[in-house]
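Shown next, in structure tokens, is the structure this report addresses.
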């Protein structure tokens with residue numbers, strides 16, 4: 001599903017986008033979408049590094065896996081998770 005969005009960008013960037021779109025024969029929205037996907041991938045790495053650094057420095061704590069599984073088992077025991085009832 002696609003969602004229409006509107007934003008304003010610097011004229012020099014818009015001109016470069018026009019040039020690249022013409023050279024590659026791609027629609028500008030496709031180029032922007034591809035660029036954002038690459039940016040999000042890079043941002044994920046930066047965010048993961050930041051979170052790891054916060055854990056290593058003691059600023060953030062992790063939740064032990066056993067606690068997560070225990071909580072999930074409580075939900076399953078109460079039959080709260082009904083999305084898998086037909087399995």
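Residue numbers (this note's numbering): 1 to 87. The beta carbon of each residue, even a glycine, is placed where N, CA and C say it ideally should be.
Distance check for residue j and residue i, CA to CA, integer angstroms please.
i	j	result
residue 71	residue 60	21 Å
residue 42	residue 9	21 Å
residue 3	residue 28	15 Å
residue 25	residue 6	22 Å
residue 34	residue 68	36 Å
According to DSSP, is residue i part of a helix, a strand, or is it coil?
i	result
residue 38	helix
residue 66	helix
residue 77	helix
residue 44	helix
residue 22	helix
residue 9	coil
residue 60	coil
residue 87	In this prediction, residue 87 has a pLDDT of 47, which is less than 50 and means its spatial position is unreliable; what the coordinates show is noted afterwards. Coil at residue 87, not helix or strand.
residue 2	coil
Got a sec? Which residues, its chain only, sit under 8 Å from residue i by beta carbon, not counting five neighbours each side?
i	result
residue 55	61, 62
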